Amino acid sequence: MKARKFLIFLIILVLISITFLGINSINTLDNLAYVVSIGFDIKDSGKLELSFQIAMPSGGSSSSSSSSSSSSSSSQSSESIINSVECNSLESGINLVNSYLGKELNLSHCKAIVFSEEIATKGIGEYLYTLMNNIEIRPTCMVIISRCNAKYFLNNSKPMLEQLSSKYYEVSSTAERTTGYTSDTTLQDFFSSLTDTFSESYAILGSVNDGTQGNSNLEGSDTASIASETPIDTQKNIETLGLAIFKDDKLVGELNGLESIAHLTVTNKLKNATISIPSPFESTNYIDLYMEKSKTKNKVELTNGTPYIKSNISIKARIISMSDDYKYLDQETVDIIEQYASEYIKSYISDYLYKTAKEFKSDIASFGKYAVSKFITWQEWEKYNWLDNYQNSFFDVNVSVSVKSRYLIIDT
Amino acid sequence: MNTDKIGISEAISLVIIIMISHIILSLPNEILTSNLSAAPLNVIYITAIALVFYIIISKLFKPFHNQDILDVSEYVGGSILRKIISFIYIVHLIFISGILILSFADTLKTVYLNDMPTELICLVFILIAVLANQFGFKSVSRTNAILMPFILITVLIIFLSLFTDFVPQRVFPVLGKGINETFISGISNIFAFGELIILYLIRPNLKDTKQANKVGIISILLSGSFLFITVTALLLSFPFITGGEGVLSIYMITRTIQFGKFFQRVDALFILIWALTFFSYLSVIMSYILKITKKNTNTSKSSPMIYLVALGIFIVTLIPQNIAQIRFAENVIYKYSSLFIVFILSFTILLLGYLKKKKQKGIVEIKQEVNNES
Amino acid sequence: MKVLQNLKNFFNSILNVEEDYDFTMSDETASNTQPEDLLKKQNIYPSIDVNLDYIHSRYNSLINSDIKIRNFLLNAKGKEFKAFLIYIDGLVDSSSINDFILNPLMLKNYSNQNTNPQVISEAITNNISVRKIKKFNVVDYIYECLLPQNSIKKVSSFDELVKDINSGNCALFVDTIEFAFDIDIKNFNQRSISEPKNEPSVRGSGEAFVENLRTNTSMIRRSINNENLIVENIVIGKSNQNNCAVCYIKNIANSSLVAEAKYRLNNIDVDYILSCSELEQLLKDDPETTLPEIMSTERVDKTCAALLQGRVIIIYNGSPYALILPVTLFDFISSPEDVNLNYRFSNLLKFLRGLAFFITLLLPGLYLAITIYHRELIPTELLYSIVATRVSVPFPIILEILMMELSFELIREAGLRVPSPLGSTVGIVGALVLGEAAVSASIVSPILIIIIAVTAISSFAIPDFSLSFHLRIARFAYIMLGSLCGFLGIGIGIFVHMLTLNSLKSFGVPYLSPYSPLSSIKNHSYFLKPVWKREYRASFLKSKKPIAQDKISMKWREK
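Chains as they are written, first to last, in the working numbering: chain A, 123 to 534; chain B, 170 to 543; chain C, 186 to 744.
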């Protein structure tokens with residue numbers, strides 16, 4: 123028994139010595155500053171400018187009483203501060219901010235990483251590798267490419283309907299489930315697409331909408347708009363709409379809302395979306411369709427080294443708009459609408475596909491994974507180099523829409 | 170102390186803990202870099218070979234009831250061969266336990282305890298294992314058996330949480346680097362089943378050979394399936410692992426597990442379970458080292474030897490200087506030493522012992538016949 | 186020289202672990218010495234010596250300390266017969282035995298001295314008187330004339346007789362008679378016995394043990410009507426020679442277990458022991474741990490249930506507690522209410538108590554580990570509210586927790602000694618006002634108060650007193666470990682704790698049976714089975730009768 127007691131005593135001694143030798147700096151919760159989002163900019167001199175949006179947690183309990191008095195002016199009750207620093211890399215920037223602030227920066231609750239367009243066109247590969255190597259960063263945070271300056275973006279990201287800005291980012295990313303106008307790309311997804319040999323990466327496109335009316339001569343429907351150009355009359359705030367396309371790690375193009383819906387449809391990630399097609403009965407009216415389920419089957423065949431991609435898409439939709447003298451229950455009407463909708467959807471999906479192939483030359487829908495099964499060994503696949511061959515591909519899209527009835531009113 | 174009888178589930182847990190510890194560290198990574206997308210195929214292949222190997226071993230062990238490999242080596246070559254084999258086993262066990270503990274301590278240091286020196290973390294592990302052995306082999310094996318279901322459940326949770334993000338097409342191209350790499354030189358991947366070393370030593374503690382067969386087959390199947398699950402999960406979720414860029418592969422999976430938007434970054438809970446895994450792993454290996462020394466040295470109490478063994482393991486943890494050396498030790502030195510000791514050396518000795526026994530039986534039968542005739 | 190010797194002793198004691206006292210039970214399955222069928226259906230023998238031998242063997246009266254046998258000579262009509270009386274001490278009214286059985290049978294009085302025959306009828310003819318005399322029948326004579334007792338039966342089968350003796354009657358055997366007299370003379374203590382103070386229950390019986398040993402054994406005898414229940418007497422203590430009773434059921438309990446218990450009791454060399462808690466500490470397998478290995482209870486129904494499972498009970502004169510051995514950890518988490526409820530409710534409560542076990546052990550340690558080392562585990566909104574409340578608190582978290590734990594322990598200890606009118610006031614003052622005031626003065630954060638309160642409530646949900654003490658001590662160890670190395674420290678704590686639990690044995694039964702040596706889980710697990718499925722006794726008790734009931738117990742369902 124005495125031997126056991128001696129051993130336990132020894133272990134306790136070793137453990138206690140850890141505290142008293144000062145090896146472990148007890149960094150409790152309240153000695154840290156929690157970063158909500160990081161912004162990357164590049165200055166004209168070529169140096170990196172980092173912006174950190176840091177949350178001030180004292181806004182949690184006390185702001186509930188103050189917000190009842192100031193309802194619309196959200197800019198005053200913002201509880202985050204923005205600090206920017208000019209530096210060479212992420213880690214040195216964090217170091218500089220640490221020396222300025224009283225508390226140490228902690229990145230483990232970071233929700234969004236924002237890159238500006240300029241830095242994205244130059245290439246963001248090295249920053250991504252640094253971020254993935256960092257222990258604290260969550261791989262599930264969002265990656266946003268902003269059309270304006272990242273610092274301007276962060277400065278204007280003020281929660282309209284929430285108290286905490288961290289929750290704001292989370293909520294805004296889930297909005298895409300009902301609209302389909304952008305996709306919920308995380309750092310993990312971006313990084314794995316970057317290093318994959320059969321797909322390219324894409325990110326959320328965001329910008330600041332300062333309330334000035336967008337281009338009023340937009341052809342087509344409301345969905346063909348892009349971030350910062352939506353015709354919403356509102357206070358200055360951020361919005362995310364559309365996708366940013368990358369080849370390797372450089373930004374090569376942008377997709378608007380409708381094309382994002384096309385992208386999500388083709389990759390089977392569409393949850394719900396609403397599109398408005400021009401009515402086949404009256405040329406000035408629109409019929410709104412609510413797409414519930416879309417199933418896509420992709421097939422890739424290689425003929426003489428050029429890919430021939432076939433997509434069979436079946437969509438279930440509901441008519442949700444009503445006008446006053448159309449019998450939408452009629453089989454004939456429904457047939458016409460289905461046919462028209464199929465043609466319309468096929469046209470915009472084909473547009474999107476050829477745009478990615480010819481204009482951007484980047485396979486963001488990862489068709490490459492269907493092509494891999496044609497090869498036996500890894501060496502053959504690497505020799506083929508799918509990503510360079512994608513620009514020569516041909517597409518064959520077949521869409522079939524089945525329209526169900528609408529909700530409450532049957533006949534008018 | 171050498172002849173405490175243990176049940177089936179305790180025996181299976183003793184064997185599996187080694188495989189699980191390797192899985193948590195860099196074993197799946199090693200298999201993936203050598204075979205790329207043919208890794209699942211390779212794992213099934215080596216599991217089958219390990220199973221066949223074990224069936225052969227159990228047949229060879231049949232004439233030796235309830236004796237382990239040391240008794241067989243004494244039968245073959247006298248006490249000198251037994252001492253040599255014991256020495257080789259002890260050195261091998263000390264080495265692998267030291268390297269594994271150092272690897273895990275390095276992981277802990279990188280992830281959480283940035284300021285603690287790795288030697289201190291290793292010292293804590295070793296002292297806890299020494300304390301465990303003071304309680305006796307029975308306590309160690311029972312604690313191991315209690316912890317095993319929880320550890321297995323965490324591996325399953327890791328697999329299931331990634332299920333929705335699988336890209337099944339990553340399993341193509343099917344043959345990875347080619348048939349040669351997958352099947353012929355890929356057979357060297359059977360070092361993953363280095364846990365079979367315990368199966369050589371566990372026989373005196375089991376009731377009979379039928380139970381020993383059951384233990385062996387179930388443990389090989391279980392550990393093979395868990396290896397398959399982990400390798401597949403890694404392959405189908407991350408592309409960059411195949412580029413050999415991930416260091417702590419399973420840990421990186423746990424960083425991406427989330428339950429809705431509320432519970433994210435639950436990897437700390439997994440660190441708790443893995444710390445328990447490594448405590449029990451080190452205690453089990455140490456108790457086997459003590460058993461071997463006790464068999465050779467004729468002592469009644471093995472307590473002072475515990476400190477010597479602990480010192481040996483601690484010295485091993487001090488040797489590698491940086492992570493490249495650790496990985497080299499883990500993947501290259503361990504691979505070849507395990508292949509040699511488990512699959513070649515012990516197998517040869519068993520074969521020799523079996524043949525000798527058969528010959529002796531033949532001689533005895535002939536003598537009996539002669540006696541009957543005369 | 187002495188220094189060298191001391192150094193040598195020191196190193197010896199560090200390096201050499203003495204072998205612990207290791208007792209394992211031997212396997213016994215149905216090794217009855219007599220097949221029980223032969224014992225049934227036996228009729229009373231005419232010869233008194235054979236009867237006496239039979240009674241000795243049936244009641245094990247040589248070792249059973251409260252079976253009393255009184256041999257005497259019975260006078261009837263001038264003739265003397267050998268006779269003996271058998272009764273169980275504590276269940277009968279001794280003064281009635283003296284006055285109404287022994288007195289008329291032993292002392293010489295007219296009834297038994299009179300040698301005149303009984304005359305039925307007399308006819309006188311021609312100076313010759315012919316009398317019809319009743320033939321002298323000893324049985325009838327004793328039954329009708331000698332015993333002035335109000336309730337007597339003549340029985341001829343041992344079965345019936347033994348049943349009645351067990352319930353408090355006394356039996357009279359006379360030589361040459363094939364009958365025995367079954368005399369009802371019951372008297373035992375009824376309800377000065379009160380409700381159990383510390384183990385209340387909603388639907389169970391309300392009887393608790395008292396200080397008198399004989400009363401306690403009589404309560405057990407009343408609940409278990411079985412002649413195989415042995416109550417042995419052992420004397421303990423040199424200056425204060427107090428009685429201690431060891432109870433077990435002979436054809437269920439493992440005999441090596443009984444032998445070990447008696448061996449330990451007989452080899453205690455102390456001056457005096459005043460309570461059975463001291464006795465418990467002297468009997469423990471591993472005196473170094475704080476975990477209890479013998480259960481002490483004051484409920485009678487719990488004791489009887491333990492006896493019927495095959496355990497051994499020790500009752501000490503002067504102490505209202507009974508010691509149950511052997512026990513496992515899961516017996517300490519089961520409450521005596523469990524058997525009185527529907528098995529589903531009991532299982533739900535057992536699950537809740539298991540959860541309370543873990544909460545009271547681990548919650549403060551986990552809170553410390555998470556807030557100091559693993560902040561990313563906390564969801565972001567919760568993190569902000571914790572940080573917001575901690576902004577004005579001047580102490581680091583570990584000091585806060587230690588202060589609040591210390592004050593809770595002080596409140597608990599003070600509550601035991603406060604006179605009862607003030608008892609509840611102290612609780613309210615201590616817990617509510619202090620906690621509330623501490624929060625508003627920003628000395629502690631409100632989340633910490635919640636954690637400490639939940640921990641304290643969970644510790645009250647553990648039914649056993651000594652186990653909750655152990656959990657209190659272990660909780661401090663986990664707090665220390667959690668603050669030193671985070672989850673690694675908690676892992677160290679859990680591992681060492683489990684090692685300790687697995688190395689303990691309570692009278693030969695591993696402490697975590699039936700889960701730890703997994704082979705014995707078949708019959709008896711932590712969660713209860715329905716009543717009609719409890720066919721087996723616990724296999725870790727290695728009882729002589731492993732099968733308790735038939736496969737189908739509700740035979741009324743069979744058509």
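All C-beta atoms in this analysis are idealised placements derived from N, C-alpha and C, irrespective of residue type, glycine included.
Since the structure is predicted, the reported quantities are computational estimates derived from the model, not experimental observations.
**Request:** Anything in the segment 303-327 of chain B with a Cβ closer than 8 Å to a Cβ of chain C? List those residues in chain order, please.
**Result:** The residues in question are Gln303, Phe304, Gly305, Lys307, Ser308, Val309, Arg311, Thr312, Ala314, Ile315 and Leu316.
**Asked** How big is the Cα-Cα spacing for asparagine 260 of chain C and leucine 270 of chain C?
**Response** Counted from its first residue, the third sequence places residue 260 of chain C at position 75. Counted from its first residue, the third sequence places residue 270 of chain C at position 85. C-alpha of asparagine 260 of chain C to C-alpha of leucine 270 of chain C: approximately 14 Å in a straight line.
**Message:** Taking 7 Å as the threshold (beta carbon to beta carbon), is arginine 434 of chain B in contact with chain C?
**Reply:** Within the second sequence, the letter at position 265 stands for residue 434 of chain B. The beta-carbon of arginine 434 of chain B is placed less than 7 Å from the nearest beta-carbon of chain C.
**Request:** Work out the CA separation of phenylalanine 680 of chain C and glutamate 546 of chain C for me, nearest whole Å.
**Result:** Residue 546 of chain C sits at position 361 when you count from the first residue of the third sequence. Residue 680 of chain C sits at position 495 when you count from the first residue of the third sequence. Looking at the sequence itself, residue 546 of chain C is leucine, so the reference to glutamate does not match. One C-alpha to the other measures close to 14 Å.
**Item:** Residue range of the unbroken beta strand (DSSP E) whose run includes lysine 417 of chain A
**Value:** As a working mapping, residue 417 of chain A is identified with position 295 in the first sequence. Its beta strand (DSSP E) spans residues 408-425.
**Message:** In the DSSP output, which residue or residues are listed as bridge partners for isoleucine 399 of chain A?
**Reply:** On the first sequence, residue 399 of chain A is found 277 positions in, with the first residue counted as 1. A/Ile409.
**Prompt:** Beta-carbon of arginine 126 of chain A versus every beta-carbon of chain B: anything under 7 Å?
**Reply:** The count along the first sequence starts at 1 and reaches residue 126 of chain A at position 4. Cβ-Cβ to chain B under 7 Å: yes for arginine 126 of chain A.
**Message:** Using the three-state DSSP reduction, which class does glycine 353 of chain C fall into: helix, strand or coil?
**Reply:** Position 168 of the third sequence, counting from 1, holds the residue named residue 353 of chain C. DSSP, reduced to helix, strand and coil, places glycine 353 of chain C outside both helices and strands of the structure shown, so it counts as coil.
**Request:** Could you tell me whether the Cβ of threonine 474 of chain C comes closer than 7 Å to any Cβ of chain A?
**Result:** For this step, residue 474 of chain C is matched to residue 289 along the third sequence. Using a Cβ-Cβ cut-off of 7 Å, threonine 474 of chain C does not count as an interface residue toward chain A, since no Cβ of chain A sits closer than that to its own.
**Request:** Within the same chain, show all residues whose beta-carbon is closer than 8 Å to that of proline 333 of chain C, passing over the 5 residues directly before and after it, in chain order.
**Result:** Stepping through the third sequence from its first residue, residue 333 of chain C is reached at position 148. Contacts found: Phe285 and Pro289.
**Collapsed DSSP secondary structure at tyrosine 272 of chain C in the structure displayed** = Position 87 of the third sequence, counting from 1, holds the residue named residue 272 of chain C. Residue state for tyrosine 272 of chain C is assigned as strand, using DSSP reduced to three classes.
**Asked** When the cut-off is 7 Å and only beta carbons count, does serine 590 of chain A lie next to chain C?
**Response** A question about residue 590 of chain A goes unanswered here, because the residues of chain A that appear run from 123 up to 534.
**Item:** Contact list for proline 564 of chain C against chain B, beta-carbon separation under 7 Å
**Value:** The sequence position of residue 564 of chain C within the third sequence is 379, counting from 1. Ordered by position in chain B, the residues that pass the 7 Å Cβ test against proline 564 of chain C are Phe431 and Phe432.
**Prompt:** By DSSP, does serine 343 of chain A sit in helix, in strand, or in coil?
**Reply:** Against the first sequence, residue 343 of chain A aligns to sequence position 221. Confidence is the limiting factor: at serine 343 of chain A the pLDDT is only 47, short of 50, which leaves the residue's position unreliable and the question unanswerable from this model.
**Request:** Can you give me, in chain order, the residues of the segment 538-563 of chain C that have a beta carbon less than 8 Å from any beta carbon in chain A?
**Result:** Residues are counted here when their Cβ sits less than 8 Å from a Cβ of chain A; for the segment 538-563 of chain C these are Thr556, Ile557, Arg560 and Glu561, given in chain order.
**Item:** Top-ranked residue by Cα proximity to phenylalanine 692 of chain C, from C/Lys469, C/Tyr501 and C/Arg602
**Value:** Along the third sequence, read from residue 1 onward, the residue named residue 692 of chain C stands at position 507. Checking every option, the nearest Cα to that of phenylalanine 692 of chain C belongs to C/Lys469.
**Item:** Cβ shell of serine 310 of chain B (< 7 Å), same chain only, five flanking positions each side left out
**Value:** The sequence position of residue 310 of chain B within the second sequence is 141, counting from 1. Scanning its chain for C-beta atoms nearer than 7 Å, with the 5 sequence neighbours on each side dropped, one finds around serine 310 of chain B the residues Ile175, Glu179 and Leu183, in chain order.
**Message:** Taking contact to mean 3 or more Cβ pairs, one atom from each stretch, closer than 8 Å, check whether the segment 303-316 of chain C and the segment 389-403 of chain C are in contact.
**Reply:** The segment 303-316 of chain C makes no contact with the segment 389-403 of chain C; the number of CB pairs closer than 8 Å stays below 3.
**Asked** Where do the N-terminal and C-terminal ends of the beta strand (DSSP E) with isoleucine 415 of chain C fall, by residue?
**Response** Counting from one through the third sequence, the residue named residue 415 of chain C turns up at place 230. Unbroken beta strand (DSSP E) run through isoleucine 415 of chain C: 414-421.
**Request:** Check distances from the C-beta atoms of the segment 276-310 of chain A to those of chain B and list, in chain order, the residues that come in under 7 Å.
**Result:** Hits within the stretch, in order: Glu292 and Gln310.
**Asked** Which residues does DSSP pair with glutamine 433 of chain B in a beta bridge?
**Response** For the purposes of this step, residue 433 of chain B is identified with residue 264 of the second sequence, where counting begins at 1. BP columns for glutamine 433 of chain B point to B/Gln427.
**Asked** Which chain B residues sit within Cβ distance under 7 Å of isoleucine 664 of chain C?
**Response** As a first step, residue 664 of chain C must be located in the third sequence, where it is residue number 479. Chain B residues near isoleucine 664 of chain C: none, gap ~16 Å exceeds 7 Å.
**Message:** For a cutoff of 7 Å on Cβ pairs, would you count leucine 327 of chain A as touching chain B?
**Reply:** Taking the first residue of the first sequence as 1, we reach residue 327 of chain A at position 205. Chain B has no Cβ within less than 7 Å of the Cβ of leucine 327 of chain A.
**Prompt:** So, does the CB of serine 139 of chain A fall closer than 7 Å to a CB anywhere in chain C?
**Reply:** Numbered from 1 along the first sequence, position 17 holds the residue referred to as residue 139 of chain A. No, its Cβ sits nowhere closer than 7 Å to a Cβ of chain C.
**Request:** Leaving out five residues on either side along the sequence, give the residues of the same chain with a beta carbon under 6 Å from the beta carbon of glycine 522 of chain B.
**Result:** Numbered from its first residue, the second sequence carries residue 522 of chain B at position 353. So the qualifying residues of the chain are Val241, Tyr244 and Val245.
**Request:** Specify whether the segment 348-365 of chain C and the segment 272-286 of chain C touch according to this definition: at least 3 beta carbon pairs, one from each stretch, less than 8 Å apart.
**Result:** Touching, per the Cβ criterion.
**Request:** Kindly give me the distance between the Cβ atoms of phenylalanine 550 of chain B and serine 688 of chain C, rounded to whole angstroms, as I take these residues to be in contact under 8 Å.
**Result:** Nothing can be reported for residue 550 of chain B: it is not among the residues displayed for chain B, which extend from 170 to 543.
**Message:** Let's test the definition: count the other Cβ atoms within 10 Å of the Cβ of tyrosine 512 of chain A and tell me whether it reaches 16, buried, or not, exposed.
**Reply:** Taking the first residue of the first sequence as position 1, residue 512 of chain A is located at position 390. Counting Cβ neighbours within 10 Å, tyrosine 512 of chain A comes out buried, since at least 16 surround it.
**Request:** Verify the CB distance criterion: does alanine 381 of chain B have a CB-CB separation below 7 Å to chain F?
**Result:** Structure shown: chain F not included; protein chains present are A, B and C.
**Request:** Can you tell me which of the three DSSP states phenylalanine 237 of chain A falls into?
**Result:** Translated into the one-based positions of the first sequence, residue 237 of chain A becomes position 115. For phenylalanine 237 of chain A, the three-state secondary structure derived from DSSP is strand.
**Request:** Rounded to whole angstroms, what's the CA-CA distance from leucine 703 of chain C to valine 716 of chain C? Just pull it up for me.
**Result:** Residue numbering aside, residue 703 of chain C sits at position 518 when the third sequence is read from its first letter. Residue numbering aside, residue 716 of chain C sits at position 531 when the third sequence is read from its first letter. Their backbone Cα atoms lie some 24 Å apart in a straight line.
**Asked** Are the beta-carbon atoms of lysine 726 of chain C and glycine 495 of chain C separated by less than 7 Å?
**Response** On the third sequence, residue 726 of chain C is found 541 positions in, with the first residue counted as 1. On the third sequence, residue 495 of chain C is found 310 positions in, with the first residue counted as 1. Rather than lysine, the amino acid found at residue 726 of chain C in this sequence is leucine. Yes, the Cβ-Cβ distance between leucine 726 of chain C and glycine 495 of chain C is below 7 Å.
**Prompt:** Quick check: the segment 512-521 of chain C against the segment 431-439 of chain C, are there 3 or more CB pairs under 8 Å?
**Reply:** Contact between the segment 512-521 of chain C and the segment 431-439 of chain C is absent, because fewer than three Cβ pairs lie under 8 Å.
**Request:** State the DSSP-derived secondary structure class of glycine 247 of chain A, mapped to helix, strand or coil.
**Result:** As a first step, residue 247 of chain A must be located in the first sequence, where it is residue number 125. Residue state, collapsed to three classes: helix.
**Prompt:** Who does glutamine 175 of chain A pair with in a DSSP beta bridge?
**Reply:** The residue you call residue 175 of chain A lines up with position 53 of the first sequence. A/Ser159 and A/Ile204, per the DSSP bridge assignment.
**Request:** Could you work out which residues of chain B lie near asparagine 687 of chain C, taking near to mean beta carbons separated by less than 7 Å?
**Result:** Counting from one through the third sequence, the residue named residue 687 of chain C turns up at place 502. In chain order: Ser308, Arg311 and Thr312.
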